[in-house]
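Residue 1 is where the sequence shown starts when you use full-length UniProt numbering, and the numbers rise one by one after that. Where is the CB? At the ideal position from N, CA and C, for every residue including glycine. Since the structure comes first, as structure tokens, the remarks are kept for the end.
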Amino acid sequence: MIHQSKELGLPPRALVIANDVNAQRCDLLIHNAKRMCTANLIVTNHEAQHFPGCFLANDLSEICKNDCKPQRLEFDRVLCDVPCSGDGTMRKGHDMWRKWNSGMGNGLHLLQVDISMRGLALLKVGGMMVYSTCSMNPVENEAVIAELLRRSGNSVELLDVSNKLPELVRRPGLSTWKVQDKGYWFQNHEDVPHNRKNVILPSMFPSSTSTQEGLSACNNTEINTDNGGSFSRNFSIEKTSEVYCDTGGVSNSNSTKYSGSTSNSFGSKFPLHHCMRIVPHDQDSGAFFIAVLHKLSPLNESQMAEVAKTEQLLSTDRAVKLKEEPQTEKVPHEKVQHHKISFEVLDDDKSLEEQQNLSMDNDSSKDSKLSEVGLGSDGVENGEAESGDRMKKLQSKNSKWKGVDPVLFFKDLTVIKNIVSFFGINESFQLEGHLVTRSADTDNARRIYYVSKSVQETLRRNVESEEQLKIVSLGIKMFETHRSKDGCSCAYRLSYESLPLLLPYISKRMLSSSPKDFQRLLHYRTINFAHFIDARFGEEVASLMPGCCVVVLREGHQNLDVDSIAMDPTTIAIVCWRGKATMNVMVSPPDRKELLERITHRFGLEAFRVDEDEDVQLRD
1 MIHQSKELGL PPRALVIAND VNAQRCDLLI HNAKRMCTAN LIVTNHEAQH
51 FPGCFLANDL SEICKNDCKP QRLEFDRVLC DVPCSGDGTM RKGHDMWRKW
101 NSGMGNGLHL LQVDISMRGL ALLKVGGMMV YSTCSMNPVE NEAVIAELLR
151 RSGNSVELLD VSNKLPELVR RPGLSTWKVQ DKGYWFQNHE DVPHNRKNVI
201 LPSMFPSSTS TQEGLSACNN TEINTDNGGS FSRNFSIEKT SEVYCDTGGV
251 SNSNSTKYSG STSNSFGSKF PLHHCMRIVP HDQDSGAFFI AVLHKLSPLN
301 ESQMAEVAKT EQLLSTDRAV KLKEEPQTEK VPHEKVQHHK ISFEVLDDDK
351 SLEEQQNLSM DNDSSKDSKL SEVGLGSDGV ENGEAESGDR MKKLQSKNSK
401 WKGVDPVLFF KDLTVIKNIV SFFGINESFQ LEGHLVTRSA DTDNARRIYY
451 VSKSVQETLR RNVESEEQLK IVSLGIKMFE THRSKDGCSC AYRLSYESLP
501 LLLPYISKRM LSSSPKDFQR LLHYRTINFA HFIDARFGEE VASLMPGCCV
551 VVLREGHQNL DVDSIAMDPT TIAIVCWRGK ATMNVMVSPP DRKELLERIT
601 HRFGLEAFRV DEDEDVQLRD
């Protein structure tokens, strides 16, 4: 579904933006998404509650004057996987039993509300937002949803999704609960001692006003407390050492019956039973909370004023502050389980698109090691390191965000035309305007990335809005420099990661191999032309001009002619380098090993009995 396109044979136009506050988790996301091979993903590194809306620079002043409707980056779908206490992971995370306390959820409640409200602000009218946690605490779940509905008024509704995924065992959301603080249970905010009212917020309770209203009201309320911070018996509180259970009881696993009572004066007036609770003992899993919200109309004026205020802050002071922060932001993992918000922009009624990107290695950082691509002894080199000091100065000059390389469009038409001509790339696959680089020195870009039209438009808007988005990765790596002594007319080679996308559009530098020769290539990595089992294939390799080429796996009784093979994203192919006397496989060791095992099993080939860590080459 994420690769579905309305126009057959063309890249999908949809867009997914994945955001995480932690730079290390962004790197992990990039690594995991690499296998999906899509040009429609942008990975950003922001605090989710301050995610920028990419207003154009001249829009902000007009918005603040209420002279025009806000024009910003908006999304068809938003997934808020907010930071939570993580008590739903206690089965797999045994340290949770030791570290968990009720204050963890209470402390995260307001942050969860802020992140979710930011998601709603960036959501298109008619769009849907999914709120999720891996917690069982209603303060982090139903209380947050109730506050969102309270703040947004009639602009947002909570959807009933009980008919979706009918085999998923779930329970309805709670409508009544109590809040615990320091061993005491509170049924409403009026019962909270005065010295704890700034910690235990009104929005944490099912029948309460908004936090913003409640805090202003509680400042004028006198609370009767005994000396030493103990509570008066006038309060409706309980002190207990037992775990609190909802008095409404537990509903049947597959039941959608509302367990709470709306007639209860302490119950919520919102249909929180539409939320989904997944508990560990129902289906031997972790615990999750899921709620689906539908945006019916723009947020009310007070909320839009908050949005405009946030945007103005992000465009000035916030941007300066974030620029001075180090690249890696530390998050207390032992308390906050995750902090991620994903946005999806669909093409019209567009099918959902998510994807990968490739590990967008900094072009100014140390080069990828030569051992990651199987090189032979033909004097083939994978590139020369650029001047570190020179590049650092260029990066500092061109990038707004400290520690993050700039994203620049690659506009060298001479190089682009040379690549198109060398590989015979069909003109229907447009490269011009879709190529970017992370190197500030675009004349000597070592890696070139391809981005879809939706990413291209978002990137241009980001440039026009003074780079509000802190982009750590985007698109898919398509070309890399490859300097060698073989006299190749093209300075760039194809990236293995780009083959599923680019393969149907290439007409030159293509060879087809039998499963046995394909297996030998993957195993030995470097093979002399005369050592292929299929002599005709060896002759074709020898007759090819030096440089990068693509070897396609020929299945069954297919003709040796590569033109007879139907090229699509499922076609198995690898990138190779035709040297002076050998063929070298340009695939990283992990990918090469996985592909070798896959085709050996698929075609029933005899596995090679060689130590997998041994550097084996087959040449004269």
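(Q) Please report the distance separating the alpha-carbon of Arg170 from that of Ala291. (A) Within the sequence shown, the letter at position 170 stands for residue 170. Within the sequence shown, the letter at position 291 stands for residue 291. Looking at the two C-alpha atoms, the distance is approximately 12 Å.
(Q) Taking the alpha-carbon of Pro166 as reference, which of Met276, Gln24 and Lys453 has the nearest alpha-carbon? (A) Within the sequence shown, numbered from 1, the residue matching residue 166 stands at position 166. Minimum Cα distance to Pro166 is reached at Met276.
Q | Below-8 Å beta-carbon distance, Ile572 vs any chain C residue | A | The structure shown contains no chain C; it is built from a single protein chain.
Q) Relative to the C-alpha of Leu149, which residue among Tyr492, Phe288, Asp95 and Ser207 is closest? A) Along the sequence shown, read from residue 1 onward, the residue named residue 149 stands at position 149. Comparing Cα-Cα distances from Leu149 to each of Tyr492, Phe288, Asp95 and Ser207, the minimum goes to Ser207.
Q.
Please tell me whether, using a cut-off of 7 Å, the distance from the CB of Val82 to the nearest non-hydrogen atom of the ligand NAD is below it.
A. In the structure shown, the ligand NAD is absent, as is every other ligand, since no ligand is present at all.
Q.
Looking at the secondary structure, which residues open and close the alpha helix (DSSP H) in which Ser512 lies?
A. Along the sequence shown, one-based indexing puts residue 512 at 512. Here Ser512 belongs to no alpha helix (DSSP H); instead the beta strand (DSSP E) covers Met510 to Ser513.
**Q.** Collapsed DSSP secondary structure at Asp284 in the structure displayed
**A.** Mapped onto the sequence shown, residue 284 falls at position 284. In this structure, Asp284 counts as coil in the three-state DSSP scheme.
Q. Helix, strand or coil: which one does DSSP assign to Leu358?
A. By 1-based counting over the sequence shown, the position of residue 358 is 358. Only weak support exists for where Leu358 lies, its pLDDT of 35 falling under 50; the coordinates are left without a value.
**Q.** Beta carbon of Leu272 nearer than 8 Å to that of Ser155
**A.** Counting from 1 along the sequence shown, the entry for residue 272 is found at position 272. Counting from 1 along the sequence shown, the entry for residue 155 is found at position 155. Against a cut-off of 8 Å, the Cβ pair of Ser155 and Leu272 comes out as no contact.
Q | Counted within 10 angstroms of its Cβ, other Cβ atoms place Ser489 as buried (16 or more) or exposed | A | Counting from one through the sequence shown, the residue named residue 489 turns up at place 489. It is exposed - the Cβ of Ser489 has fewer than 16 other Cβ atoms within 10 Å.
Q) Which value, in whole angstroms, describes the spacing of the CA atoms of Phe537 and Val562? A) Numbered from 1 along the sequence shown, position 537 holds the residue referred to as residue 537. Numbered from 1 along the sequence shown, position 562 holds the residue referred to as residue 562. Rounded to the nearest angstrom, the two C-alpha atoms are 11 Å apart.
Q. Between Asp486 and Gly547, is the Cβ-Cβ spacing less than 8 Å?
A. Within the sequence shown, residue 486 is the residue found at index 486, counting from 1. Within the sequence shown, residue 547 is the residue found at index 547, counting from 1. In contact: Asp486 and Gly547 (Cβ atoms closer than 8 Å).
Q: From the DSSP output, in three-state form, read off Pro73 for me.
A: Numbered from its first residue, the sequence shown carries residue 73 at position 73. Going by the sequence as given, residue 73 is Leu instead of Pro. In the structure shown, Leu73 sits in coil (DSSP, three-state: anything other than H, G, I, E or B).
Q: Report yes if the CB atom of Cys576 is closer than 8 Å to the CB atom of Met586, and no otherwise.
A: As a working note, residue 576 is residue 576 in the sequence shown. As a working note, residue 586 is residue 586 in the sequence shown. Cβ atoms of Cys576 and Met586: closer than 8 Å.
Q: Report the three-state DSSP secondary structure of Val279 (helix, strand or coil).
A: Here the question's residue 279 lines up with position 279 in the sequence shown. If DSSP states are grouped into helix, strand and coil, Val279 belongs with coil.
(Q) Under DSSP, the beta strand (DSSP E) around Thr600 begins and ends at which residues? (A) If you number the sequence shown from 1, residue 600 lands on position 600. That residue, Thr600, is in no beta strand (DSSP E); its alpha helix (DSSP H) goes Pro589 to Arg602.
Q: Put Met567 into one of helix, strand or coil per three-state DSSP.
A: Mapped onto the sequence shown, residue 567 falls at position 567. Three-state DSSP puts Met567 in coil, outside helix and strand.
(Q) I need the boundaries of the beta strand (DSSP E) containing Cys576, first residue and last residue. (A) Walking along the sequence shown from the start, residue 576 turns up at place 576. Unbroken beta strand (DSSP E) run through Cys576: Ala573 to Arg578.
Q. What is the DSSP secondary structure of Met129, reduced to helix, strand or coil?
A. Numbered from 1 along the sequence shown, position 129 holds the residue referred to as residue 129. Secondary structure of Met129 (DSSP, three-state): strand.
Q: Quick one: measure Cβ to Cβ for Leu605 and Gln519, integer angstroms, because I've assumed they're closer than 8 Å.
A: Indexing the sequence shown from 1 puts residue 605 at position 605. Indexing the sequence shown from 1 puts residue 519 at position 519. Sure, about 5 Å apart at Cβ, within 8 Å.
(Q) Classify Pro406: buried if its beta carbon has 16 or more other beta carbons within 10 angstroms, exposed otherwise. (A) Residue 406 sits at position 406 when you count from the first residue of the sequence shown. Burial call: buried.
Q) What's the C-alpha gap between Leu553 and Leu501? A) Working through the sequence shown from its first residue, we reach residue 553 at position 553. Working through the sequence shown from its first residue, we reach residue 501 at position 501. Approximately 17 Å, taken between the alpha carbons.
Q. Cα separation between Asn198 and Glu142?
A. Taking the sequence shown and counting its residues from 1, the one referred to as residue 198 is at position 198. Taking the sequence shown and counting its residues from 1, the one referred to as residue 142 is at position 142. Per the coordinates, the alpha-carbon of Asn198 lies some 20 Å from the alpha-carbon of Glu142.
Q: Can you tell me which of Lys580, Arg77, Asp20 and Arg98 puts its alpha carbon nearest to the alpha carbon of Thr526?
A: In the sequence shown, counting from the first residue as 1, residue 526 sits at position 526. Relative to the Cα of Thr526, the nearest Cα in the group Lys580, Arg77, Asp20 and Arg98 belongs to Lys580.
Q) Among His523, Ile565, Leu168 and Ala535, which residue has its Cα nearest to the Cα of Glu594? A) Position 594 of the sequence shown, counted from the start, is the residue given in the question as residue 594. Nearest to Glu594 by C-alpha distance, out of His523, Ile565, Leu168 and Ala535, is His523.
(Q) I'd like the span of the beta strand (DSSP E) that includes Leu553, first residue to last. (A) On the sequence shown, position 553 is the one that residue 553 refers to. Note, Leu553: beta strand (DSSP E), Gly547 to Leu553.
Q. Does the beta-carbon of Gly126 have 16 or more other beta-carbons within 10 angstroms, so that it is buried, or is it exposed?
A. Within the sequence shown, residue 126 is the residue found at index 126, counting from 1. Its Cβ having fewer than 16 others within 10 Å, Gly126 is exposed.
Q.
Please report the distance separating the alpha-carbon of Asp458 from that of Glu190.
A. By one-based count along the sequence shown, residue 458 stands at place 458. By one-based count along the sequence shown, residue 190 stands at place 190. The identity of residue 458 in the sequence shown is Thr, whereas the question assumes Asp. The straight-line gap from Cα to Cα measures roughly 47 Å.
Q | Alpha-carbon to alpha-carbon, Tyr492 and Ile419 | A | For this step, residue 419 is matched to residue 419 along the sequence shown. For this step, residue 492 is matched to residue 492 along the sequence shown. Whole-angstrom Cα-Cα distance: 7 Å.
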